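Residue 19 is where the sequence shown starts when you use the working numbering, and the numbers rise one by one after that.
Heads up, the thing below is written out as C-alpha cells.
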Amino acid sequence: MAEEKKDRFYITTAIPYMNAKLHLGQVYEFILADVMARYHRLLGEDTYFLTGSDEHGQKIFKSAAAKGVTQKEYVDDMVADMKRILKLYCISNDAFIRTTDEAHEQTVRNIYSKMFENGDVYKNAYEGWYCVPCETFLMDGQLVDGKCPQCSREVELVKEDNYFFKLSNYEARLLKYIEDNPDFIIPETRRNEVIGLLKQGLKDFSISRTTVKWGVQIPFDSSQYSYVWVDALINYISALGYGSKNDELFVKYWPADQQHIGKDILKFHAVIWPALLMSIGVTPPKQVIIHGWIMKGGEKLSKSKGITLDPDEMADEYGVDAIRYFFTREISFGNDGSFTAEAMQKRYNAELSNDYGNLVSRTLAMIEKYRDGVIPPKTEGDANLKKLWNETRKSALKSIHGFGYGDCLVTIWNFINAANKYIEDSRPWEAAKSAAPEDVKKLDNILYSLAECIRLSTILVYPFMPSAAMKVFEQLGIKKDMDTEPLIAEYGNWGDFEGNTKTGKREILFPRIENEKAL
Ligand code: ME8
Numbered sequence: 019m020a021e022e023k024k025d026r027f028y029i030t031t032a033i034p035y036m037n038a039k040l041h042l043g044q045v046y047e048f049i050l051a052d053v054m055a056r057y058h059r060l061l062g063e064d065t066y067f068l069t070g071s072d073e074h075g076q077k078i079f080k081s082a083a084a085k086g087v088t089q090k091e092y093v094d095d096m097v098a099d100m101k102r103i104l105k106l107y108c109i110s111n112d113a114f115i116r117t118t119d120e121a122h123e124q125t126v127r128n129i130y131s132k133m134f135e136n137g138d139v140y141k142n143a144y145e146g147w148y149c150v151p152c153e154t155f156l157m158d159g160q161l162v163d164g165k166c167p168q169c170s171r172e173v174e175l176v177k178e179d180n181y182f183f184k185l186s187n188y189e190a191r192l193l194k195y196i197e198d199n200p201d202f203i204i205p206e207t208r209r210n211e212v213i214g215l216l217k218q219g220l221k222d223f224s225i226s227r228t229t230v231k232w233g234v235q236i237p238f239d240s241s242q243y244s245y246v247w248v249d250a251l252i253n254y255i256s257a258l259g260y261g262s263k264n265d266e267l268f269v270k271y272w273p274a275d276q277q278h279i280g281k282d283i284l285k286f287h288a289v290i291w292p293a294l295l296m297s298i299g300v301t302p303p304k305q306v307i308i309h310g311w312i313m314k315g316g317e318k319l320s321k322s323k324g325i326t327l328d329p330d331e332m333a334d335e336y337g338v339d340a341i342r343y344f345f346t347r348e349i350s351f352g353n354d355g356s357f358t359a360e361a362m363q364k365r366y367n368a369e370l371s372n373d374y375g376n377l378v379s380r381t382l383a384m385i386e387k388y389r390d391g392v393i394p395p396k397t398e399g400d401a402n403l404k405k406l407w408n409e410t411r412k413s414a415l416k417s418i419h420g421f422g423y424g425d426c427l428v429t430i431w432n433f434i435n436a437a438n439k440y441i442e443d444s445r446p447w448e449a450a451k452s453a454a455p456e457d458v459k460k461l462d463n464i465l466y467s468l469a470e471c472i473r474l475s476t477i478l479v480y481p482f483m484p485s486a487a488m489k490v491f492e493q494l495g496i497k498k499d500m501d502t503e504p505l506i507a508e509y510g511n512w513g514d515f516e517g518n519t520k521t522g523k524r525e526i527l528f529p530r531i532e533n534e535k536a537l
C-alpha cells in the first residue's frame, strides 16, 4: 500500500562543490529531497535527511587561489552561505556533513586502508585527461572535439603515478545487484543507461592524486591525496559514523532508502559508489533517484559558465513557497525543465493566489462574519466532499510515493477546486440570512466542511510549501506541529478535526502578481 509505514527512512542529496554560491539547479535537488523527507515524517517514520558540502579537489583549490585566501577560509565562507540558503528554502535536513570535518577525513583514510588491504587498490602510471569542473578523469576516446564530453570545457593533461581501484572486478556483481533490485535506479531510462555502461565493460579508475594536495592524505602513501569523488561519496556513511565507535546512526539508518542526484553524476552513484561499498563489505543503497536539469534559455545552469538563477533573487521575487511549488508542479520527475517568468506568474496567480489562497480567505472571512471567527464544532460534513477526500488522499499519496510530485499536486488542486465549487453551489450567504434552526445547522455544516477541506488539503500541501501550510493551520486555529507530528497517519481522515477552534489572524497567503516581473 502506498502509505504503508516503515520504521526508518534515510534520504540524502549530493553534496555540492563549494567553489561558488549555490544556484537554483542545486537548490532544486534539495527541494525534491525535502518534499520526500517531509512526506515520510508526516507518515510517522523515523526520518534522517542528510546533505552537506564537497570541499576538496582541484576546482576549489583553484577558486581559493584566485581569491587569494586559504582553501579552508574559502570553503568556510561558502558553507556558511549554503547553510543560509538551505534555511531560506525551508530545507529540513537533520544533519550537514562537510568533507573537511575531521571525522569524515578519518573515515576516508580508514576506507582507503580497507580497500588497499582487500587487494582492490594497486599503483600504476596514469596518463590521460582531467576535467576540473567535473573533477573527472577522461581517456582520449572519451573526449569530444578535445573537450570534456559532459560539460564541453577544456581538459588538462595529467601524468602521474596513481593508485587505481579495481572497478573491473565488480562488473558482474553490479549487474546482478541491479537485476536483483529493479528499483535501485529510478527512473528506468537511467537504469537502462547504467546497464548499458556495465555491459560495455568497466575500466579501473584512479583514486588518488599527487599534484592536487587539497584532499585527504592517503594512509599507505603520504605523497598521495584522495581523489575528490571517492572522498565525497564516502560522506553518505561517514555522516552516520561508519567504522567509528559512534556508529549508532549507521547501524540504524544504512542502507540509505533514497539518494537523490542529478543525471550528470549517475555513474559515480550507480556504478562507482556501490562498487566501493561492495569492496568494504557494506550493502549498497536501496535507491538512487535521478532528476533532470533546471534550464534557463535552453541551457543548463552552471556556476562556472555564469548561467544562473540566483536563489536569493528568486526568493525575493516570488517567495520560497511559490518557487518550491512551481518546480515540483511544472517539471515531471526525471525530466529537464525550464524556468520562465511567464509560466511562474501564470501558475502563481491561478493556482496559488486564486485556487488555494481564495479558498482559505473566503472561508475564513465567512467564519469571521457568520460565526465570530469560531469554526463550528464537528458536523457530518458534506458527503460528496468526504468521498472525494478519500479518493484524493489515496491517489495523492500514491503519486508522491512514486515521485509523481506534479500529479500529486494536480490531485490536491482538484480537491481544492471542488471545495471552491462547493462554496458557489451551497450558497452559505443564503443560509446566513436566516435564524431558523435548520439554516443554522446547514451553515454550520457548510463552514465545517470547508474548514475540513482546507485542513486536509493543507496537510498534503505541507511537504511542498511548508511555511504556507503552517500559516494556514495557524489561521484555522489548529495547534499541531506540522514538522514533527505524523499528520497523514493520525490526522488525515475526514472528521479527524473536532472543529470549534478560534481562527487566527487572516493574512493573504499569495498576493497576486500584477506587474510582469523581470526574473
Ligand atoms: O556534482 N539542474 O556537485 P555539484 C538540476 N560535488 N540539478 C543540478 C543542476 C541543474 N542545472 N546543476 C547541478 C557535484 N545540479 C559533486 C557531488 S556527491 C557525493 C558529490 C545537481 O555542485 C547535480 O546534478 O556540481 C548534483 O546532483 C548537485 O546539483 C550538486 O552538483
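We put the CB at the ideal spot given by N, CA and C, even for glycine.
If you're wondering where the values come from, they're calculated on a predicted model, not measured in any experiment.
In this structure, ILE312 has its CB closer than 7 angstroms to one or more heavy atoms of ligand 1.
Between PHE27 and THR65, the C-beta spacing is below 8 angstroms. Between ALA507 and LEU478, the alpha-carbon positions lie close to 12 angstroms from each other. Under the three-state reduction of DSSP, VAL230 is assigned to coil, being neither helix nor strand. The residue among ASP339, GLU348, ALA340, ASN187 with its C-alpha nearest the C-alpha of ILE312 is GLU348. Secondary-structure assignment with DSSP links MET313 through a beta bridge to LYS318, SER356. Cβ contact annotation for CYS426 (same chain, cutoff 6 angstroms, sequence separation greater than five): ALA414, SER417, ILE418, in chain order. Only buried fits ASP52, as 16 or more other CB atoms lie within 10 angstroms of its CB. In this chain, ILE290 is not harboured by any beta strand (DSSP E), its DSSP state being neither H nor E.
Taking a contact to require three or more Cβ pairs closer than 8 angstroms, the segment 34-45 and the segment 93-109 qualify as touching. In the DSSP annotation of this structure, ASP179 is not part of any alpha helix (DSSP H); the continuous beta strand (DSSP E) holding it starts and ends at 174-183. In the DSSP assignment, the residues bridged to CYS149 are THR154.
Look at TYR35: its beta carbon is less than 7 angstroms from one of the heavy atoms in ligand 1. Judged by DSSP secondary structure, THR69 falls within the beta strand (DSSP E) whose first and last residues are 64-71.
Where ARG191 is concerned, there is no enclosing beta strand (DSSP E), although the alpha helix (DSSP H) around it starts and stops at 189-198. With contacts defined by Cβ atoms closer than 8 angstroms, GLU174 and VAL212 do not form a contacting pair. Closest in C-alpha terms to PHE114, from the list ARG524, LEU185, LYS194, ALA32, comes ALA32. Collapsing the DSSP output to three states places LYS165 in a strand. With contacts defined by Cβ atoms closer than 8 angstroms, LEU251 and GLY259 do not form a contacting pair. For ARG171, no beta strand (DSSP E) segment is defined, and its DSSP state is neither H nor E.
In the structure shown, PHE114 falls within a strand segment according to DSSP collapsed to helix, strand and coil. Setting aside the 5 residues that flank it on each side, PHE515 is surrounded in the same chain by GLU470, ARG473, each with a C-beta closer than 6 angstroms to its C-beta; the list follows chain order.
In this structure, ligand 1 has no non-hydrogen atom nearer than 7 angstroms to the beta-carbon of HIS74.
Annotation for TYR243: the continuous beta strand (DSSP E) segment containing it runs 239-244. Excluding the 5 residues flanking it on each side, ASN463 has same chain C-beta neighbours closer than 6 angstroms at THR397, in chain order.
THR346 sits buried, since 16 or more C-beta atoms from the chains shown fall within 10 Å of its C-beta. Contact fails between the segment 85-100 and the segment 162-176, because fewer than three Cβ pairs, one in each stretch, are under 8 angstroms apart.
Put simply, the segment 284-295 touches the segment 214-226. At least three CB pairs are less than 8 angstroms apart. Apart from sequence neighbours up to five positions away, the residues of its chain that approach ILE298 with a beta-carbon distance below 8 angstroms are ILE129, LYS132, MET133, ASN136, ordered along the chain. When DSSP states are grouped into helix, strand and coil, GLN235 belongs to the strand group. For the segment 466-492, not one full-length alpha helix (DSSP H) segment reaches 4 residues or more. Placement of the Cβ of LEU319 at a distance of less than 7 angstroms from at least one heavy atom of ligand 1 is found. Between the segment 375-384 and the segment 431-438, the count of C-beta pairs closer than 8 angstroms reaches three or more; the two stretches touch. Closer than 7 angstroms to some heavy atom of ligand 1: that describes the Cβ of TYR46. A distance criterion of 7 angstroms places the beta-carbon of ILE307 beyond contact range of ligand 1, judged by its closest non-hydrogen atom. Excluding the 5 residues flanking it on each side, PRO237 has same chain C-beta neighbours closer than 7 angstroms at ARG127, TYR130, SER131, in chain order.
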